[in-house]
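Read through the structure below, which is laid out as structure tokens, and then see the notes.
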Amino acid sequence: MRTIFLILIFFLIFLQKQALTEPKIIKRISETKNFAFDFEQLINDKKETGNCIISFNNKMICKYDESEKIIVSNGKTLLIKSKNSNFANTYKTENTYFKYFLNKEFLISKIKGNVIEKEKNFLLSIKDQSNELNIFFDKNNYLIKGWETIDLYGNKVKSNIIVNNINQVLSDNIFNFNLYN
């Protein structure tokens with residue numbers, strides 16, 4: 064009986080923490096129109112760095128430092144171009160894991176009842192038929208601080224980010240593919 068009581072108390076404490084955390088994450092995302100960040104990305108054992116802007120209207124742009132690769136989403140299509148190539152690869156954004164970051168309402172819907180507290184952060188795991196994504200949120204400011212997934216080529220990708228700017232004034236022109244083709 065005592066064991067059951069202790070388990071019940073632990074479970075209630077866990078639910079209370081989750082009930083307090085999720086609204087804070089949701090509020091933070093709801094108030095965010097866009098955010099700019101620096102990233103460090105590990106693909107298998109290869110490290111890359113760069114910076115990105117994610118706009119919650121399904122758009123983003125990322126520029127890699129050394130490889131000078133560019134990734135741009137105009138809301139429907141994802142363009143990936145490297146400096147060594149004369150042409151860009153394009154994909155439907157909805158077929159990539161970026162669809163989870165770029166749609167605020169979808170992200171918020173996945174948070175409800177699914178955030179787990181870890182030692183250094185909060186974790187949200189999203190799984191569907193073709194993608195699996197773990198998103199990490201900072202325990203202090205409730206911002207996204209990184210993610211892990213498998214990329215289009217089957218490689219394990221881990222990204223750590225440092226948010227530099229939130230809700231900056233953006234020109235929609237920066238997501239125009241003509242600038243990068």
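In this text, residue positions in the sequence shown follow this note's numbering: the first is 64, and each later residue adds one.
Where is the CB? At the ideal position from N, CA and C, for every residue including glycine.
Practice task
Express the C-alpha separation of I124 and I237 in angstroms, rounding to a whole number.
Solution key: Working through the sequence shown from its first residue, we reach residue 237 at position 174. Working through the sequence shown from its first residue, we reach residue 124 at position 61. Counting only the Cα atoms, I124 lies some 8 Å from I237.
Exercise for the section: Select from F161, E168, N197 the residue whose C-alpha is nearest the C-alpha of K92. Expected result: As a working mapping, residue 92 is identified with position 29 in the sequence shown. The sequence given here has Ile at residue 92, not Lys. Ranking F161, E168, N197 by Cα distance to I92 puts E168 first.
Exercise for the section: Thinking K122 and L165 are a contact (beta carbons under 8 Å), I'd like their distance in whole angstroms, please. Expected result: Residue 122 sits at position 59 when you count from the first residue of the sequence shown. Residue 165 sits at position 102 when you count from the first residue of the sequence shown. Correct: roughly 7 Å between the Cβ atoms.
Practice task
Kindly indicate the opening and closing residues of the beta strand (DSSP E) around F200.
Solution key: In the sequence shown, counting from the first residue as 1, residue 200 sits at position 137. Following the DSSP letters along the chain, one finds F200 inside the beta strand (DSSP E) bounded by residues 195-201.
Exercise for the section: Answer yes or no: do L233 and S145 have a C-beta to C-beta separation smaller than 9 Å? Expected result: For the purposes of this step, residue 233 is taken as the residue at position 170 of the sequence shown. For the purposes of this step, residue 145 is taken as the residue at position 82 of the sequence shown. For L233 and S145, no; Cβs fall outside 9 Å.
Handout entry: Which of helix, strand or coil DSSP assigns to N158
Key = If you number the sequence shown from 1, residue 158 lands on position 95. In the structure shown, N158 sits in a helix (DSSP, three-state: H, G or I).
Exercise for the section: Measure the Cβ-Cβ separation of K221 and L105 and say whether it is below 9 Å. Expected result: Residue mapping note: residue 221 aligns to position 158 of the sequence shown, counting from 1. Residue mapping note: residue 105 aligns to position 42 of the sequence shown, counting from 1. With contacts defined by Cβ atoms closer than 9 Å, K221 and L105 form a contacting pair.
Practice task
State the Cα-Cα distance for the pair A151 and I143, rounded to the nearest angstrom.
Solution key: Within the sequence shown, residue 151 is the residue found at index 88, counting from 1. Within the sequence shown, residue 143 is the residue found at index 80, counting from 1. Rounded to the nearest angstrom, the two C-alpha atoms are 6 Å apart.
Practice task
List the endpoints of the continuous beta strand (DSSP E) containing F62.
Solution key: Only positions 64 to 244 of the chain appear in this structure, which leaves residue 62 out of reach.
Handout entry: Proximity winner among Q192, S193, K202, K190, relative to E182 (alpha-carbon distances)
Key = Stepping through the sequence shown from its first residue, residue 182 is reached at position 119. Cα-wise, what sits closest to E182 is K202.
Problem - Selection from N227, N197, I229, V226 that minimises the alpha carbon distance to K219 - result: As a first step, residue 219 is located in the sequence shown; it is residue number 156 there, counting from the start. Closest option to K219, Cα to Cα, is N197.
Problem - Residue range of the alpha helix (DSSP H) that includes K173 - result: Sequence index remark: in the sequence shown, residue 173 carries index 110 (1-based). Looking at the DSSP string, the run of the alpha helix (DSSP H) that includes K173 is 167-174.
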